[in-house]
Structures are given as C-alpha cells and as structure tokens.
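**Q** This is the structure I have questions about; it appears just below.
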Amino acid sequence: MFAFTKKRPMSRASKVCLAAFVCGTFAVTLHFLLAANAGQPGLPSLPPATSCVVTVADSDRYVDLFALGDWGTGTDPQRRVATAMEAEARRLPRPPDAVLLLGDNFYKRLKGVADPKWESQFESMYDKAALPSPFFALLGNHDCYGKDKGAFQLSYAAEHPGSRWKMPARWYRIELPAEQPLVTILMLDSNFDQLSREMWAEQTRWLTEQLSQPRSTPWLIVAAHHPLYSHGDKHGDAPDLIRMWGDLLRNANVDFYLCGHDHHLEHIRRDGDPIDYLISGGGGAGTRGVSPGSDSRFAVQWHGFLSMRLGERSADVNFISDAGTVIHSFSRSATTRSAE
Numbered sequence: 001m002f003a004f005t006k007k008r009p010m011s012r013a014s015k016v017c018l019a020a021f022v023c024g025t026f027a028v029t030l031h032f033l034l035a036a037n038a039g040q041p042g043l044p045s046l047p048p049a050t051s052c053v054v055t056v057a058d059s060d061r062y063v064d065l066f067a068l069g070d071w072g073t074g075t076d077p078q079r080r081v082a083t084a085m086e087a088e089a090r091r092l093p094r095p096p097d098a099v100l101l102l103g104d105n106f107y108k109r110l111k112g113v114a115d116p117k118w119e120s121q122f123e124s125m126y127d128k129a130a131l132p133s134p135f136f137a138l139l140g141n142h143d144c145y146g147k148d149k150g151a152f153q154l155s156y157a158a159e160h161p162g163s164r165w166k167m168p169a170r171w172y173r174i175e176l177p178a179e180q181p182l183v184t185i186l187m188l189d190s191n192f193d194q195l196s197r198e199m200w201a202e203q204t205r206w207l208t209e210q211l212s213q214p215r216s217t218p219w220l221i222v223a224a225h226h227p228l229y230s231h232g233d234k235h236g237d238a239p240d241l242i243r244m245w246g247d248l249l250r251n252a253n254v255d256f257y258l259c260g261h262d263h264h265l266e267h268i269r270r271d272g273d274p275i276d277y278l279i280s281g282g283g284g285a286g287t288r289g290v291s292p293g294s295d296s297r298f299a300v301q302w303h304g305f306l307s308m309r310l311g312e313r314s315a316d317v318n319f320i321s322d323a324g325t326v327i328h329s330f331s332r333s334a335t336t337r338s339a340e
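End of the sequence shown sits at 340 in this note's numbering; the numbers just go up one at a time, nothing left out.
This is the structure in structure tokens:
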C-alpha cells in the first residue's frame, strides 16, 4: 500500500535489468500543496538494441520511475507502449515506484468521472498486476480543451482514492520513497495561456518557494507538459517558458526536466546548463518529426517511454521504444551534478 500524506535490500545479482520480477510493497509521500523491433510506416528504423544501463549497484536504495506523455488515445500505439511498459516492469526486481503522466491524458472529450474512457484508456490499458504503481498525472494542453476536462481529471482522483490515478492538484510535490526519500518531483501546470494571471502567479510563487528550500533529497525533478527546449518540428522551444522558468530551474540545480507535448523522444543537454531535458512525448498519439540540434544527445520520432533508476549517488536513464528496445541510455552522478 501507499499513503497520501502531507507530509527492498537486494543481492548484487539482482541488480541487473533482467532480474526476476518480485512483487513488493512500496510507499509514497505526497505533499498536497493546493517484442520484436516492428517498424512503423514512414518512421526511421530503430538503432541497434542496447542493454539497460544500471550503475547504482553500489547502493541498496533506489527509486524506479516510468514517464510518458501524449498518450490518451485508446489506439494501437498506446497499447504497444503499455505492453512495453508492462514487460519492462516485470523485468525489474520490483514494480516501479511511480509512473509520471506528462499530460495530454485524454484527447477526446470526457463526459465526467464515469466516462468509459477512464476504464478503456487508463484502468484496463495498463495491467494492474505488472504496474500496481501510482500514476501521478499533470495537465497538458489537450486536457484544457473542452468543458471541464481538466476538472474531471482532478475529480476522478478525489472520488476514486483506490485508483492508481493520482492528481491531487494542478501542481504538487512528490517525495519517493516515504522513508528517507531519494527523489523530489515537482509536478507543474505549464498551460500558462490557459491559466488566469492570478493562478499562474500563485504557481510561480509556489515553485519559487519549493526551489528555494534546502535540498532534502539527492535528486530533484521538475515535470510539466511543455518543453523548455525541443527540436520537434511541430513546436520546438518555448520562449515564454524559458523566460519564466529557465533561470529559476537552472539556479536551483534541478537535475531533470521531464515533459511531452512534442510527439517524439529526445534528450537535450546544453553547455553550461546542469539540467538534462527529457522529452517523452511518444505515449500513444501520432508521432511527429524531430530535427536534432547540436545539444541533442538523442532524438527520434518514435513511440515509447522513459525509465529512470535513481540511487543515492547515481541515476540511470533509459528511453525504451514501444517494441521494448532500449534505444538511448545515459547516467549521471548526484555528487557532481554532471552527465557521465
């Protein structure tokens, strides 16, 4: 069980990507503060398969996270990504501690908390046996279109506390695990053109306060729907967010910025910037082109998701395709706060 509040040791042999899945328990402290490499037509072939990066074997304590955005379609691509997530979860020594949903959770209209899409596109889409983890969600631009769609997502979480769907507010803080947390995650609403000026100012005050606190965990992640930096052909960089959040996040030495919105997978690392910008926008909606830039460590037009393992001293990141192939991996140190 895990609990909302305001506020497993392993042998060395177990600490590899293909270790046997062992179902265990986990806890979350949530602070309420408000198969084969099957190609797809028209898309590039995947790069050669690589092994999962795992370098946190020096520590028995770690957090596993999955993250994906732009997923809520109910289509075959979403099912393929869900199947790949289930397979990856079963390869882990225990279920991931959490799944982060990076927005555009529902593309079509929601009729309320009893809409059948809740079951077909979420509850039944992601196998509960493989993924019993909490799914922490934030709002994307498509979640703000249509009457009450965003409000229904907040209401569903409130009215179904037994569901894996978690969205306590439009922005909120997560710490994982509950005891001696290793990771702080700030879930934000980047829909500045949909929020009132007063709400945006309120979120900015909250974010500034959160980032100004002494760091209490080795890892600090900020997640939102829109990228700051992106080489996607559809959207690309977001100058307004760069202006409003860029220096704030950099000065706080945020480790990772996770987002979607552009429908591709990308890892950006900019000179002089401590943040790894990770775009995981291949959760199920149609993919779009990407033209890698000089700061792109990896960029591909493909469906897939992000898998992260964060230990006391190092973090390992894997981009995994909808075929279950690890297509990009990197590690970084918590002590030096620089990519390895």
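Glycine included, C-beta positions come from ideal geometry on N, C-alpha and C.
Going by DSSP in three states, T75 sits in which element: helix, strand or coil?
**A** Counting from 1 along the sequence shown, the entry for residue 75 is found at position 75. The answer is coil: DSSP assigns T75 none of H, G, I, E or B.
**Q** Following the continuous beta strand (DSSP E) through D193, name the residue where it begins and the one where it ends.
**A** Numbered from 1 along the sequence shown, position 193 holds the residue referred to as residue 193. Segment: none, D193 is in no beta strand (DSSP E) and carries neither H nor E.
**Q** State the DSSP-derived secondary structure class of W171, mapped to helix, strand or coil.
**A** On the sequence shown, residue 171 is found 171 positions in, with the first residue counted as 1. If DSSP states are grouped into helix, strand and coil, W171 belongs with coil.
**Q** Could you give the residue range of the beta strand (DSSP E) that holds N318?
**A** In the sequence shown, counting from the first residue as 1, residue 318 sits at position 318. Here the beta strand (DSSP E) through N318 covers S314 to S321.
**Q** Just checking, does the segment 130 to 146 make contact with the segment 94 to 107 on the three C-beta pairs under 8 Å criterion?
**A** yes
**Q** Is the distance from the Cβ of A89 to the Cβ of L154 below 8 Å?
**A** Working through the sequence shown from its first residue, we reach residue 89 at position 89. Working through the sequence shown from its first residue, we reach residue 154 at position 154. Contact flag unset, no.
**Q** Would you call G324 buried or exposed, if buried means 16 or more other Cβ atoms sit within 10 Å of its Cβ?
**A** As a first step, residue 324 is located in the sequence shown; it is residue number 324 there, counting from the start. So G324 ends up on the buried side.
**Q** With a 10 Å radius around its C-beta and 16 neighbouring C-beta atoms as the bar for buried, classify K149 as buried or exposed.
**A** Residue 149 sits at position 149 when you count from the first residue of the sequence shown. K149 comes out buried.
**Q** Could you compute how far the alpha carbon of H160 sits from the alpha carbon of G304?
**A** As a first step, residue 160 must be located in the sequence shown, where it is residue number 160. As a first step, residue 304 must be located in the sequence shown, where it is residue number 304. Distance between H160 and G304, taken at the CA atoms: about 28 Å.
**Q** To which residues does DSSP link T184 through a beta bridge?
**A** Within the sequence shown, the letter at position 184 stands for residue 184. Answer is E175 and L220.
**Q** Would you kindly work out how many angstroms separate the C-alpha atoms of G272 and L138, rounded to a whole number?
**A** Residue 272 sits at position 272 when you count from the first residue of the sequence shown. Residue 138 sits at position 138 when you count from the first residue of the sequence shown. If you take the alpha carbons of G272 and L138, they lie about 29 Å apart.
**Q** Starting from M125, follow the alpha helix (DSSP H) in both directions and report where the run begins and ends.
**A** Here residue 125 refers to the residue found at position 125 when the sequence shown is read from its first residue. For M125, no alpha helix (DSSP H) run applies, since DSSP gives it neither H nor E.
**Q** CB V63 to CB V183, shorter than 8 Å?
**A** Taking the first residue of the sequence shown as position 1, residue 63 is located at position 63. Taking the first residue of the sequence shown as position 1, residue 183 is located at position 183. Yes. Within cutoff.
**Q** Can you tell me whether S230 is buried or exposed, with buried defined as 16 or more other CB within 10 angstroms of its CB?
**A** Locating residue 230 in the sequence shown gives position 230, counting from the first residue. By the neighbour-count rule (16 or more Cβ atoms within 10 Å), S230 is buried.
**Q** Candidates A87, E198 and Q301: which alpha carbon is nearest P292's?
**A** Taking the first residue of the sequence shown as position 1, residue 292 is located at position 292. Of A87, E198 and Q301, the residue nearest in Cα terms is Q301.
**Q** Pull up the distance between the alpha-carbon of P239 and that of H226, whole angstroms please.
**A** Here residue 239 refers to the residue found at position 239 when the sequence shown is read from its first residue. Here residue 226 refers to the residue found at position 226 when the sequence shown is read from its first residue. Going from the Cα of P239 to the Cα of H226 covers about 11 Å.
**Q** With a threshold of 8 Å on Cβ separation, who are the neighbours of E86 within its own chain once the five nearest residues in sequence on each side are excluded?
**A** As a working note, residue 86 is residue 86 in the sequence shown. If you ignore the 5 residues before and after E86, its C-beta comes within less than 8 Å of the C-beta of Y126, D127, A130 and L131, all in its own chain and listed in chain order.
**Q** How big is the Cα-Cα spacing for P168 and Y156?
**A** Locating residue 168 in the sequence shown gives position 168, counting from the first residue. Locating residue 156 in the sequence shown gives position 156, counting from the first residue. About 10 Å.
**Q** By the 10 Å Cβ neighbour count, where 16 or more other Cβ atoms means buried, how is Q213 classified, buried or exposed?
**A** Within the sequence shown, the letter at position 213 stands for residue 213. Counting Cβ neighbours within 10 Å, Q213 comes out exposed, since fewer than 16 surround it.
**Q** How many Å lie between G232 and H263 at the Cα?
**A** In the sequence shown, the residue the question calls residue 232 occupies position 232. In the sequence shown, the residue the question calls residue 263 occupies position 263. The straight-line gap from Cα to Cα measures roughly 8 Å.
**Q** Taking Cβ to Cβ, would you say P349 is nearer than 8 Å to F66?
**A** Past the edges of the chain, shown from 1 to 340, lies residue 349, and the structure says nothing about it.
**Q** Give me the DSSP bridge partner(s) of H231.
**A** Reading the sequence shown from its first residue, position 231 is the one you call residue 231. Bridge partners of H231: none, in fact.
**Q** Starting from F256, trace the beta strand (DSSP E) in both directions and tell me its first and last residue.
**A** In the sequence shown, counting from the first residue as 1, residue 256 sits at position 256. Counting along the chain, the beta strand (DSSP E) containing F256 begins and ends at F256 to C259.
**Q** What's the call for P134, buried or exposed, on a 16-neighbour Cβ count within 10 Å?
**A** As a position in the sequence shown, residue 134 is number 134, starting the count at 1. The residue in question, P134, is buried, as its Cβ has 16 or more Cβ neighbours within 10 Å.
**Q** Given a cut-off of 8 Å on the beta-carbon distance, is the pair L278 and Y257 in contact?
**A** On the sequence shown, position 278 is the one that residue 278 refers to. On the sequence shown, position 257 is the one that residue 257 refers to. For L278 and Y257, yes; Cβs fall inside 8 Å.
**Q** Considering only DSSP beta bridges, list what R243 is partnered with.
**A** By one-based count along the sequence shown, residue 243 stands at place 243. Bridge partners of R243: none, in fact.
**Q** Provide the residue span of the beta strand (DSSP E) that contains S155, from first to last.
**A** Along the sequence shown, one-based indexing puts residue 155 at 155. Careful: S155 lies outside any beta strand (DSSP E), inside the alpha helix (DSSP H) at K149 to E159.
**Q** For A252, which residues of its own chain have a beta-carbon under 6 Å away from its beta-carbon, when the five flanking residues on both sides are left out?
**A** Taking the sequence shown and counting its residues from 1, the one referred to as residue 252 is at position 252. Here the set comprises L211.
**Q** In three-state DSSP terms, what is D70?
**A** Walking along the sequence shown from the start, residue 70 turns up at place 70. Correct three-state label for D70: coil.
**Q** Given this structure, state the Cα-to-Cα distance separating S331 from E312, to the nearest angstrom.
**A** For the purposes of this step, residue 331 is identified with residue 331 of the sequence shown, where counting begins at 1. For the purposes of this step, residue 312 is identified with residue 312 of the sequence shown, where counting begins at 1. Roughly 13 Å between the two C-alpha positions.
**Q** According to DSSP, simplified to helix, strand and coil, what is V347?
**A** In this structure the chain extends from 1 to 340, so residue 347 is not present and cannot be described.
**Q** Taking L265 as part of the beta strand (DSSP E), name the residues at either end of that continuous run.
**A** Locating residue 265 in the sequence shown gives position 265, counting from the first residue. Start and end: L265 to R269.
**Q** Given this structure, state the Cα-to-Cα distance separating G260 from L100, to the nearest angstrom.
**A** Looking up residue 260 in the sequence shown gives position 260. Looking up residue 100 in the sequence shown gives position 100. Near 11 Å, if we compare the C-alpha coordinates of L100 and G260.
**Q** Are the beta-carbon atoms belonging to G74 and G281 less than 8 Å from one another?
**A** Locating residue 74 in the sequence shown gives position 74, counting from the first residue. Locating residue 281 in the sequence shown gives position 281, counting from the first residue. Result no, Cβ atoms of G74 and G281 do not sit closer than 8 Å.
**Q** Got a sec, what are the start and stop residues for the beta strand (DSSP E) S342 sits in?
**A** In this structure the chain extends from 1 to 340, so residue 342 is not present and cannot be described.
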